[in-house]
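Undergrad: Sending over a structure as structure tokens; questions will come in a sec.
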Amino acid sequence: MTQNASGDRANPVVDAVVLGAGFAGLYMLHLLRDRLNKNVRVFESADGVGGTWYWNRYPGARCDIPSHHYSFSFSEELEQEWNWSEKYAAQPEILAYLEFVAKKFDLAKDITFRTRVNAAHYDEADKLWIITTNQGEVVRARYFIPAVGTLSDANIPEFKGHESFAGEVYVTGKWPKEGVDFAGKRVGIIGTGATAMQAIPLIAEEAAHLTVFQRTPNYGTPLRNEPMTPEVDRAVKENYRELRRQAWESFAGVPFDRLKPSALADSDEERLKQYEACWEDGGFSLWIGCYADTLFDERANKHTADFVRAKIRARVKDPAVAEMLCPPESQAYGTKRQPCETNYFETFNRANVTLVDIKSHPIEEIVPTGLRTSNAQYDFDILIYATGFDAFTGAMFKIDITGEGGLPLKDYWSAGPRTLFGLAAHGFPNMFFITGPQSPSVLFNMPLGIEMHCEWIAQCISHMDANGYASINADPDAEQQWIRHTKEMADATLLPEATSWYLGANIPGKPRVFMVYLGGGKHYKDVISRCAAEGYTGFTLT
Ligand code: FAD
Ligand code: N01
20 MTQNASGDRA NPVVDAVVLG AGFAGLYMLH LLRDRLNKNV RVFESADGVG
70 GTWYWNRYPG ARCDIPSHHY SFSFSEELEQ EWNWSEKYAA QPEILAYLEF
120 VAKKFDLAKD ITFRTRVNAA HYDEADKLWI ITTNQGEVVR ARYFIPAVGT
170 LSDANIPEFK GHESFAGEVY VTGKWPKEGV DFAGKRVGII GTGATAMQAI
220 PLIAEEAAHL TVFQRTPNYG TPLRNEPMTP EVDRAVKENY RELRRQAWES
270 FAGVPFDRLK PSALADSDEE RLKQYEACWE DGGFSLWIGC YADTLFDERA
320 NKHTADFVRA KIRARVKDPA VAEMLCPPES QAYGTKRQPC ETNYFETFNR
370 ANVTLVDIKS HPIEEIVPTG LRTSNAQYDF DILIYATGFD AFTGAMFKID
420 ITGEGGLPLK DYWSAGPRTL FGLAAHGFPN MFFITGPQSP SVLFNMPLGI
470 EMHCEWIAQC ISHMDANGYA SINADPDAEQ QWIRHTKEMA DATLLPEATS
520 WYLGANIPGK PRVFMVYLGG GKHYKDVISR CAAEGYTGFT LT
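Residue numbers for the sequence shown follow this note's numbering, beginning at 20 and rising by one.
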């Protein structure tokens, strides 16, 4: 395996290999190449940039953090140049934005598209990563940065007979570019998460009939999207630095100005007024912008849960269907990711939509004409899996990654991810994660979280160059301490009680470990900045 460190024609050595051309891969490439003057190769399995926004082309796909916030902050010029057409941009516009970013910073020339990385092995003798693609290319790199996405590995449950369906089958996270024609078709959709809640109202408008297979009802609340007015756009652009400052200061990377400390401190009347105001604001306002104890205190949480259930009952005409759509008391509000919807609940008032409870009567088999549950058969022409993702570890485990001593990452993480700050793992030197497990990750405005990580990594590499270090490795004790701290922070909230993808509960056999750091983005940023300022405490540099 060992060759001289400059490599040869067959196995060239580059400074860094980055996987993925979503928000993370694009910014990492820009920083390493254009600010640090590094030689970088990026591999992307798709045929274009965009990541999440390349793959998730299903009807209704859009962000639910306002576009002015759900965007890069690193370039003031970019902020001023790009014009969002809606408060919450839809998938085609976010994809166009990322294509614009790639063009503006001339990124595509260093990205090899249609190429998946299958393996990455650390060569201890040369302190290099040996990276192999599905095209048979082998590249040796000082740094290996798998920016493969936390929500990029679609989960497709293998129901009995899943290959027997004779109609069209689609997966929301791998939606065809050419779109799907639902006109006159009977459609079945499995799943009622954030994705399905966006897609269902639009598919219902087109299809002859839509059957929704729901395992768990969800506390959806209105998004309240609206066209971007020139006045709002101008006001944001004139005040962008201050808005970004507020975002960085906030818990989840997006500011809310209504937040009150406790639902329990208010009278019933005041509380209702506050809930109604947040409900009218839309987006995440009720979830993380209403009362600070919503996700920490069961009694505070129950007030919000009751409020949302009352809204669902008021929106759905058939009381029996409304009850099916109401999350039960045992399911705390917002402990699964809050879906934001537009007309989702009203969709069940349509004559061409049927809701099927697959918790009481599970899917037993996919059959050529549809599917069979434990008490009925449903026939359709199109079957859609809106069944989520193998989050955090799915895309990583699809790559054969081995670190020191040939240890597979899969084995090191067999009881759940082990990281220091969600940035690195002990025994995998010079490998960095972006928004990895045990960082604020998916509970922080992701473009900003991605910037925070990319900048930390670039600064770290710059520090290593300046001080003549060839490798950086997370210390096991520091890692263990961070894992413990992450768990403590999660356990102080109600979130670990839910059967959510935050803890891997959506994937059979996956260890249940809460994977998000809940200490808040601002605190987290302080922690990793201090680590860097103190010479990378918790890491060994050699
Ligand atoms: P991704 O965009 O997932 O990109 C990863 C890329 O890596 C993919 O293009 C993939 O093809 C590539 N890849 C993976 N494995 C390999 C391999 N082995 N070899 C080569 N290439 C590989 N977050 C928010 O903060 N706000 C939102 O409103 C929001 N909305 C979302 C809506 C949807 C429908 C989904 C699914 C997610 C949403 N997210 C949102 C989370 C979203 O994933 C992030 O905001 C962000 O886009 C992630 O960027 P990324 O670059 O880290 O990963
Ligand atoms: O995935 P999910 P998603 N049998 O895991 C069901 C982001 N996002 O793609 O709840 C039957 O939430 C599953 O049922 P249950 C956001 O972070 C953002 O919807 O496990 N059903 C659930 O109903 C989000 O959280 C936006 O009981 C099965 C559904 O499939 C994340 O992506 C939009 C099943 C999966 O829901 C993932 O959302 C979209 C099985 N075997 C996504 N397996 C925005 O609005 C799974 N299900 C910005």
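Where a beta carbon is used, it is the ideal one built from N, C-alpha and C, also for glycine.
1) Spatial neighbours of Lys146 within its chain, please: C-beta separation below 6 Å, excluding the five flanking residues on both sides.
2) Across which residues does DSSP place Thr240 in a beta bridge pair?
3) Check Val532 in the structure and name its three-state DSSP category.
4) In the structure shown, what three-state DSSP assignment does Gly308 receive?
5) Tell me whether Gly528 is buried or exposed, calling it buried when 16 or more other Cβ atoms sit within 10 Å of its Cβ.
6) Return the chain-ordered list of same chain residues with a C-beta closer than 7 Å to the C-beta of Ile331, the five sequence neighbours on each side being excluded.
7) Starting from Ile150, trace the beta strand (DSSP E) in both directions and tell me its first and last residue.
8) Could you give the residue range of the beta strand (DSSP E) that holds Gly389?
9) Kindly list the residues whose CB is nearer than 7 Å to the CB of Ile175, restricted to its own chain and excluding five residues on each side of it in sequence; keep chain order.
10) According to the neighbour-count rule (16 or more other Cβ atoms, all chains shown, within 10 Å of its Cβ), is Ser269 buried or exposed?
11) Hey, would you say the C-beta of Gln110 is under 7 Å away from at least one heavy atom of the ligand N01?
12) Helix, strand or coil: which one does DSSP assign to Ser25?
13) Straight-line CA distance for Gly283 to Lys321?
14) Can the beta-carbon of Tyr89 be found closer than 8 Å to that of Pro358?
15) Express the C-alpha separation of Glu423 and Glu118 in angstroms, rounding to a whole number.
16) Does the separation of the CB atoms of Val327 and Phe303 fall below 8 Å?
17) Who pairs with Ser458 in a beta bridge, going by DSSP?
18) Considering Arg52, what are the terminal residues of the beta strand (DSSP E) in which it resides?
19) Which residues does DSSP list as the beta-bridge partners of Arg60?
20) Which value, in whole angstroms, describes the spacing of the CA atoms of Glu553 and Trp306?
21) Output yes or no for whether 8 Å exceeds the beta carbon distance between Thr131 and Phe62.
22) Answer with buried or exposed for Asn23, where buried requires no fewer than 16 other C-beta atoms within 10 angstroms of its C-beta.
23) Out of Leu50, Thr561, Cys82, state which residue places its alpha-carbon closest to the alpha-carbon of Ser94.
24) Just to confirm, is the Cβ distance from Gly192 to Trp74 under 8 Å?
25) So what does DSSP say about His140, is it helix, strand or coil?
26) According to DSSP, simplified to helix, strand and coil, what is Met450?
27) DSSP state of Gln396, grouped into three classes?
TA: Taking the definition as stated:
1) Ala489, Ser490
2) Cys359
3) Three-state DSSP puts Val532 in coil, outside helix and strand.
4) The DSSP-derived three-state label of Gly308 is coil.
5) Under this definition Gly528 is an exposed residue.
6) Ala341, Leu344, Cys345, Phe364
7) DSSP places Ile150 inside the beta strand (DSSP E), whose first and last residues are 147 to 152.
8) 389 to 392
9) Same-chain partners within the cutoff: Val190, Tyr404, Thr406.
10) Burial call: buried.
11) no
12) The pLDDT assigned to Ser25 is 48, lower than 50, so where the model puts this residue is not dependable; a value taken from the coordinates is nonetheless given after this. Three-state DSSP puts Ser25 in coil, outside helix and strand.
13) Here residue 283 turns out to be Leu, not Gly, going by the sequence shown. Near 11 Å, if we compare the C-alpha coordinates of Lys321 and Leu283.
14) Cβ distance not < 8 Å, so Tyr89 and Pro358 don't count as in contact.
15) 37 Å
16) Result no, Cβ atoms of Val327 and Phe303 do not sit closer than 8 Å.
17) BP columns for Ser458 point to Val535.
18) No beta strand (DSSP E) contains Arg52, which DSSP labels as neither H nor E.
19) Val36
20) 36 Å
21) yes
22) Bear in mind that the predicted position of Asn23 carries a pLDDT of just 41, short of 50, making it too unreliable to give a figure here.
23) Leu50
24) yes
25) In the three-state scheme derived from DSSP, where H, G and I count as helix and E and B as strand, His140 is classed as strand.
26) Of the three classes helix, strand and coil, the one that applies to Met450 here is strand, per DSSP.
27) strand
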